[in-house]
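*Asks:* Going by this note's numbering, the sequence shown opens with residue 30, and the numbers climb by one from there.
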Amino acid sequence: MEIKNLVGELNPYTQKKIDRMERERPPAVTSRSSSSASDKVSVSEEAKLRAAALATATSAPDVRTDKVEELRAKVQAGTYVPDNHKTAQNLVRDDMDLLL
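1) Cβ atoms of Leu120 and Tyr109: under 8 Å apart, would you say?
2) Using the C-alpha atoms, what's the distance from Arg79 back to Arg93?
3) Can you look up Ser73 in the DSSP assignment and give me helix, strand or coil?
4) Pick helix, strand or coil for Val97, following the three-state DSSP scheme.
5) Return helix, strand or coil for Thr85, following the three-state DSSP convention.
6) Go ahead and pull the three-state DSSP assignment for Ala66.
Structure below.
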């Protein structure tokens with residue numbers, strides 16, 4: 030078995046070639062006159078709708094504190110009985126959503 034270039038180029042002269050080529054290359058023109066062209070952005074209705082949905086989702090609270098407190102009280106009182114069938118249905122539904 031032969032493994033090549035595992036760590037990168039080991040020949041020290043290769044780096045010198047690259048450095049020399051970069052020095053010899055003419056500089057690229059990077060400045061542009063702002064008066065000759067103007068940029069224009071157009072946003073589709075779908076993109077606007079997605080942005081509004083994202084803003085709504087990010088502003089919603091992540092934790093429903095009333096639900097958490099209710100469940101915490103039931104667990105501490107020993108009256109919480111989870112519905113295993115409903116839990117399984119929700120897990121399968123979530124998995125199907127990921128697959129489709």
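The beta carbon of each residue, even a glycine, is placed where N, CA and C say it ideally should be.
*Replies:* Quick answer:
1) no
2) 24 Å
3) coil
4) helix
5) helix
6) coil
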